[in-house]
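Asker:
Number of protein chains: 2
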Amino acid sequence: MAGYAFDEDTEVTLVGGAGPRRLYSCHLSDRWAIVGGRPNGGYLMALTARALAASLPHPDPLAVTAHFLASPQSGPARIEVEQARVGRSISTATARLEAGGRDVLRVLASFGDLAARTGRTHVTARPPELPPPDECASRGPTVGGWEMGFAKRFDTRIDPATAGMFQGQPTGRSEVRGWIRFADGRDADPLALIMFADSLPPTAYNLGVRTWVPTLELTAYVRARPAPGWLRISMVTRNLLDGQLEEDIEVWDSRDRLVLQARQLAWILPG
Amino acid sequence: MAGYAFDEDTEVTLVGGAGPRRLYSCHLSDRWAIVGGRPNGGYLMALTARALAASLPHPDPLAVTAHFLASPQSGPARIEVEQARVGRSISTATARLEAGGRDVLRVLASFGDLAARTGRTHVTARPPELPPPDECASRGPTVGGWEMGFAKRFDTRIDPATAGMFQGQPTGRSEVRGWIRFADGRDADPLALIMFADSLPPTAYNLGVRTWVPTLELTAYVRARPAPGWLRISMVTRNLLDGQLEEDIEVWDSRDRLVLQARQLAWILPG
Chain X
128 MAGYAFDEDT
138 EVTLVGGAGP
148 RRLYSCHLSD
158 RWAIVGGRPN
168 GGYLMALTAR
178 ALAASLPHPD
188 PLAVTAHFLA
198 SPQSGPARIE
208 VEQARVGRSI
218 STATARLEAG
228 GRDVLRVLAS
238 FGDLAARTGR
248 THVTARPPEL
258 PPPDECASRG
268 PTVGGWEMGF
278 AKRFDTRIDP
288 ATAGMFQGQP
298 TGRSEVRGWI
308 RFADGRDADP
318 LALIMFADSL
328 PPTAYNLGVR
338 TWVPTLELTA
348 YVRARPAPGW
358 LRISMVTRNL
368 LDGQLEEDIE
378 VWDSRDRLVL
388 QARQLAWILP
398 G
Chain C
128 MAGYAFDEDT
138 EVTLVGGAGP
148 RRLYSCHLSD
158 RWAIVGGRPN
168 GGYLMALTAR
178 ALAASLPHPD
188 PLAVTAHFLA
198 SPQSGPARIE
208 VEQARVGRSI
218 STATARLEAG
228 GRDVLRVLAS
238 FGDLAARTGR
248 THVTARPPEL
258 PPPDECASRG
268 PTVGGWEMGF
278 AKRFDTRIDP
288 ATAGMFQGQP
298 TGRSEVRGWI
308 RFADGRDADP
318 LALIMFADSL
328 PPTAYNLGVR
338 TWVPTLELTA
348 YVRARPAPGW
358 LRISMVTRNL
368 LDGQLEEDIE
378 VWDSRDRLVL
388 QARQLAWILP
398 G
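These protein sequence lines are chains X and C, in that order.
Residues in the first sequence are numbered from 128 upward in steps of one, following the working numbering.
Residues in the second sequence are numbered from 128 upward in steps of one, following the working numbering.
1) Would you give the residue range spanned by the alpha helix (DSSP H) that G168(X) belongs to?
2) Pick out whichever of N167(X), Y348(X) and R284(X) has its Cα sitting closest to the Cα of A105(X).
3) Give the DSSP bridge partners of A264(C), in chain order.
4) Could you say if the region 191-207 of chain C and the region 166-179 of chain C meet the contact criterion of at least three C-beta pairs nearer than 8 Å?
5) Who are the Cβ neighbours of M292(X) in its own chain at under 8 Å, not counting the five residues just before and after it?
6) So G398(C) and R337(C) are in contact, right, with Cβ under 8 Å, and what is the actual spacing, rounded?
7) Measuring alpha carbon to alpha carbon, tell me which of L392(X), G202(X) and A222(X) ends up nearest R165(X).
8) Does the distance from the CB of P199(X) to the CB of W379(X) come in under 9 Å?
9) Tell me M362(C)'s beta-bridge partners as DSSP assigns them.
10) Check whether the Cβ of T399(X) lies closer than 9 Å to any Cβ atom in chain C.
11) State the Cα-Cα distance for the pair G146(X) and E344(C), rounded to the nearest angstrom.
12) Quick check on S237(X) - is its C-beta less than 9 Å from some C-beta in chain C?
13) Answer yes or no: do S326(X) and P355(X) have a C-beta to C-beta separation smaller than 9 Å?
14) For T251(X), does the three-state DSSP call read helix, strand or coil?
15) Please confirm whether D314(X) has its beta-carbon closer than 9 Å to some beta-carbon of chain C.
16) Mind pulling the chain X residues with CB within less than 7 Å of R304(C)?
17) Here's the rule I'm using: 16 or more other beta-carbon atoms within 10 Å means buried, otherwise exposed. How should S216(C) be labelled?
18) Do you know how far the Cα of N366(C) is from the Cα of E374(C)?
19) Of the residues A180(C), T219(C) and T364(C), which one's Cα is nearest the Cα of V139(C)?
20) Residues of chain C with CB under 7 Å from Y348(X), in chain order?
21) Identify the contact partners of S301(C) in chain X, using a Cβ-Cβ distance below 9 Å as the criterion.
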């Protein structure tokens with residue numbers, strides 16, 4: 128899918144190894160930069176997942192966990208992949224993203240084939256109720272005076288009930304939800320969903336927090352391949368404890384399927 | 128804490144390596160066996176986390192992810208630990224549990240010091256409402272005619288509203304909740320909480336499922352060191368899709384603190 132920013136900026140090139148251990152080179156693009164000019168964590172995770180996908184026989188990321196060790200600048204990077212087990216329906220591997228001589232990300236992931244799964248369905252989860260996209264607030268590309276390349280990659284429409292964080296009027300409720308899609312018209316797929324898991328500002332900004340809220344860990348379950356069109360996304364925190372919080376993310380597709388469940392553990396840096 | 132089954136059965140002995148790479152020997156006890164005589168996955172995960180704790184300068188598991196590759200018999204095993212990063216407040220490592228010549232478990236985890244954390248608190252999560260333990264249903268040590276050593280290790284009192292799965296009368300709602308503590312009087316600590324994350328039968332048993340529901344992945348966040356006494360535990364599934372389901376687990380301590388948030392991805396094996 129040449130021409131789409133996400134595909135161009137997650138390209139990986141095999142430069143060493145074969146079979147169970149492989150080494151890829153890649154480039155951390157500045158087009159996905161957040162505050163401070165550093166690439167967004169979800170972007171780094173999706174890029175690493177693309178190297179995993181290239182190394183495993185199963186097409187879809189089912190469960191992907193990343194622990195964030197350092198926040199790199201854009202530039203050249205490499206990804207080491209090691210298979211743990213390749214089974215008939217599931218394969219599991221670890222990966223390590225290194226940039227600027229530092230360990231950036233460790234990933235543990237299992238891949239499978241979402242289209243091949245059959246069995247019972249029983250769903251009580253419901254998509255978030257949102258006003259239509261045209262009645263939501265567009266998310267601007269700046270945060271606190273910083274220009275964010277990352278935000279320009281998406282068309283994001285925030286439910287006015289949760290948009291206070293963007294308008295200097297925190298709502299007092301640690302949640303944010305809205306509509307989201309790529310700005311360049313690319314439809315989401317399972318790899319892209321991993322990045323969408325980290326595409327909203329921290330829920331704590333709606334509690335008046337204005338400092339950095341780095342992610343320690345993010346686990347994403349891709350539950351189904353998303354249908355084309357708008358996605359609905361919600362992120363909620365129920366337990367901010369001693370400066371540490373979880374963020375629960377759900378993404379729903381245009382056919383009302385829960386396509387992504389993710390959770391991250393983060394903490395609020397002292398101001 | 129000699130004399131307690133959990134401590135005895137999670138002992139690890141350093142047998143090789145030093146510094147960033149270490150090798151431990153251990154024994155998979157048959158006291159934590161589930162159906163089929165195989166050790167429970169949460170027990171294997173807690174055992175592996177104990178080797179991680181022995182290898183890292185920080186005392187508490189903050190975020191621990193395991194991918195389950197094989198279901199071993201009880202017997203000798205070994206655990207390889209590799210440090211990824213040791214920072215001032217967080218350390219991250221990977222681990223591999225091997226038994227019977229097979230990779231059993233891959234783990235990626237970050238440790239820190241829960242007692243050292245300071246910062247803002249804002250909690251909207253609420254503990255499950257439960258009848259008192261004496262008005263709940265004791266969970267028996269058998270499932271479908273199988274004797275389960277694992278269930279004997281706990282004193283578990285299931286909310287009658289969700290206890291149908293134990294009485295051959297599935298409730299039709301994919302949830303189960305109740306009180307839980309170790310049967311031998313040991314209080315829970317962060318390592319034990321990791322095992323409590325996998326201590327209830329699958330929610331799908333309340334939908335009438337009777338087959339095996341293996342876990343692909345489990346991620347546990349330990350949010351606080353638990354106070355002594357009874358714990359409250361809930362496990363809920365909101366999205367069973369094509370035979371695959373998430374199970375969301377929360378554990379609350381006697382001081383009404385959310386001490387564990389965990390989620391696992393599992394699937395229902397065809398009967």
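Using N, Cα and C, we set each Cβ at its ideal position, and we do this for glycine too.
Answerer: So, from the data block:
1) Translated into the one-based positions of the first sequence, residue 168(X) becomes position 41. That run of the alpha helix (DSSP H) goes G168 to S182.
2) It is not possible to answer for residue 105(X), since the shown part of chain X is limited to 128 through 398.
3) The residue you call residue 264(C) lines up with position 137 of the second sequence. Its beta-bridge partners are I285(C).
4) Because the criterion of three Cβ pairs below 8 Å is met, the region 191-207 of chain C and the region 166-179 of chain C touch.
5) Along the first sequence, read from residue 1 onward, the residue named residue 292(X) stands at position 165. Excluding residues up to 5 positions away in sequence, T298, V303, P328, Y332 and N333 lie with their Cβ nearer than 8 Å to the Cβ of M292(X) in the same chain.
6) One-based indexing of the second sequence puts residue 398(C) at position 271. One-based indexing of the second sequence puts residue 337(C) at position 210. Rounded, the Cβ-Cβ distance is 7 Å, consistent with contact.
7) To locate residue 165(X), count along the first sequence from 1; it is residue 38. That would be G202(X), whose Cα lies nearest to the Cα of R165(X).
8) Numbered from its first residue, the first sequence carries residue 199(X) at position 72. Numbered from its first residue, the first sequence carries residue 379(X) at position 252. A distance of 9 Å or more separates the beta carbons of P199(X) and W379(X).
9) Residue 362(C) sits at position 235 when you count from the first residue of the second sequence. Under the DSSP definition of a beta bridge, M362(C) partners with V303(C) and I376(C).
10) This structure gives no information on residue 399(X), because the portion of chain X shown stretches from 128 to 398.
11) Against the first sequence, residue 146(X) aligns to sequence position 19. Against the second sequence, residue 344(C) aligns to sequence position 217. Each residue's Cα considered, the two are about 24 Å apart.
12) Numbered from its first residue, the first sequence carries residue 237(X) at position 110. At least one chain C Cβ lies under 9 Å of S237(X).
13) Taking the first residue of the first sequence as 1, we reach residue 326(X) at position 199. Taking the first residue of the first sequence as 1, we reach residue 355(X) at position 228. S326(X) places its beta carbon 9 Å or farther from that of P355(X).
14) For the purposes of this step, residue 251(X) is taken as residue 124 along the first sequence, with counting starting at 1. Reduced to three states, the DSSP call for T251(X) is coil.
15) As a working note, residue 314(X) is residue 187 in the first sequence. Interface with chain C (9 Å Cβ-Cβ cutoff): D314(X) is excluded.
16) Within the second sequence, numbered from 1, the residue matching residue 304(C) stands at position 177. The contacting residues do not exist; R304(C) stays about 15 Å from chain X at best.
17) In the second sequence, counting from the first residue as 1, residue 216(C) sits at position 89. Exposed, by the Cβ-count rule.
18) For the purposes of this step, residue 374(C) is taken as the residue at position 247 of the second sequence. For the purposes of this step, residue 366(C) is taken as the residue at position 239 of the second sequence. Each residue's CA atom was taken as its position, placing E374(C) and N366(C) some 9 Å apart.
19) Here residue 139(C) refers to the residue found at position 12 when the second sequence is read from its first residue. When A180(C), T219(C) and T364(C) are compared, the shortest CA-CA separation from V139(C) is found for A180(C).
20) For the purposes of this step, residue 348(X) is taken as the residue at position 221 of the first sequence. Under the 7 Å cutoff, chain C gives E373 and L392.
21) By one-based count along the second sequence, residue 301(C) stands at place 174. The answer, in chain order, is H249 and T251.
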